[in-house]
Amino acid sequence: MQVRELTNAEEEIMKVLWKIEKGFVKDVLTELPEPKPAYNTVSTIIRILEKKGLVGYRAYGKTHEYYPLITEEEYKRFEMEQLMSGYFDNSLKKLVSFFVKDRNLSLKETDEIIELLNRKKES
Numbered sequence: 015m016q017v018r019e020l021t022n023a024e025e026e027i028m029k030v031l032w033k034i035e036k037g038f039v040k041d042v043l044t045e046l047p048e049p050k051p052a053y054n055t056v057s058t059i060i061r062i063l064e065k066k067g068l069v070g071y072r073a074y075g076k077t078h079e080y081y082p083l084i085t086e087e088e089y090k091r092f093e094m095e096q097l098m099s100g101y102f103d104n105s106l107k108k109l110v111s112f113f114v115k116d117r118n119l120s121l122k123e124t125d126e127i128i129e130l131l132n133r134k135k136e137s
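Using the numbering used here, you'd call the opening residue of the sequence shown number 15 and step up by one each time.
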């Protein structure tokens, strides 16, 4: 399955579906923050996600129960790959350097990253 970049509205809907695992449009709407979009807006976005191959459904008469076809982890991986290739020349060093310099990464966070990298190297 080809993962595609999501609009902010699509991503918000996917986050709800990942959280609730499956649900009807009204269930998704309940989980969205105020001000809530219109029922038809949520329904349209979910159908777009279905056409993109990211959401599946089970039909119960005229109503549909929707569920994600990709995991949140798969989407995060896709987004990170896009970020890495688009802004950091696929260099983890450049990414980490950006956070260290421009995001005031704390010493504790830096130590945690080093620990993660050491564990990855050992496995």
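Ideal placement from N, C-alpha and C gives every residue a C-beta, glycine not left out.
Start-to-end residues for the alpha helix (DSSP H) that takes in residue i
i: residue 73; result: Note, residue 73: premise wrong, no alpha helix (DSSP H); beta strand (DSSP E) at 69-74.
i: residue 25; result: 22-34
i: residue 116; result: 106-116
i: residue 18; result: Note, residue 18: premise wrong, no alpha helix (DSSP H); not H, not E.
i: residue 46; result: Unbroken run through residue 46: none, as it is neither H nor E.
Supposed close pair residue i, residue j - CB separation, criterion 8 Å
i: residue 30; j: residue 45; result: 4 Å
i: residue 89; j: residue 17; result: 6 Å
Separation of residue j from residue i, as counted between CA atoms
i: residue 126; j: residue 119; result: 11 Å
i: residue 91; j: residue 98; result: 10 Å
i: residue 34; j: residue 28; result: 10 Å
i: residue 124; j: residue 87; result: 23 Å
i: residue 22; j: residue 130; result: 30 Å
i: residue 76; j: residue 38; result: 12 Å
i: residue 113; j: residue 73; result: 46 Å
i: residue 115; j: residue 109; result: 10 Å
According to DSSP, residues forming a beta bridge with residue i
i: residue 79; result: 72
i: residue 37; result: 80
Legend entry - Three-pair Cβ contact test at 8 Å for the region 54-68 versus the region 80-89: With a cut-off of 8 Å, the region 80-89 and the region 54-68 count as touching, because enough Cβ pairs lie within range.
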